[in-house]
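Student: Pasting in a structure now, in structure tokens, and then I'll have a few things to ask.
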Amino acid sequence: MADKLWISLIVTLLIALLFTISYLKWRKKGTILEAIIHSLFFALLMGVVVDLNQYVQYEIPFLLTVKWFLFGVIEFIFYGFILRFLYGKIRI
Numbered sequence: 009m010a011d012k013l014w015i016s017l018i019v020t021l022l023i024a025l026l027f028t029i030s031y032l033k034w035r036k037k038g039t040i041l042e043a044i045i046h047s048l049f050f051a052l053l054m055g056v057v058v059d060l061n062q063y064v065q066y067e068i069p070f071l072l073t074v075k076w077f078l079f080g081v082i083e084f085i086f087y088g089f090i091l092r093f094l095y096g097k098i099r100i
């Protein structure tokens, strides 16, 4: 498993890059509400692609899938706040 850790790191970097690019394309005024809405949209997308897919493929409890999804929503909202803060400091 450790020999494939690099794949997980690359996927994580790609997700961060896609999240950032989509935020920069999504935002209009750079408000916190825009960051939250974008984060919720991205979290929903990732929840379907990752969490729901794992629930279908593996024998895991549905409640665990829901908890993963809720944590993902909180995580992406946090990332949205970070991006909004950084965008306010660096004008592109």
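Residue numbers for the sequence shown follow the working numbering, beginning at 9 and rising by one.
Just so you know, even glycine gets a beta-carbon here, dropped at the ideal spot from N, CA and C.
#1: Would you verify that the beta carbon of P69 is, or is not, closer than 9 Å to some beta carbon of chain C?
#2: Whole angstroms are fine: how far does the CA of G88 sit from the CA of Y66?
#3: For the candidate residues K33, I44, I40, L13, whose alpha-carbon lies nearest to that of V81?
#4: Which residue from L72, T39, F70 puts its Cα closest to that of L94?
#5: Assign I68 to one of three DSSP states: helix, strand, or coil.
#6: To the nearest angstrom, how far is the alpha carbon of V19 from that of M54?
Tutor: The answer reads as follows:
#1: Absent from the structure: chain C. Only one protein chain is present.
#2: 30 Å
#3: I44
#4: T39
#5: coil
#6: 13 Å
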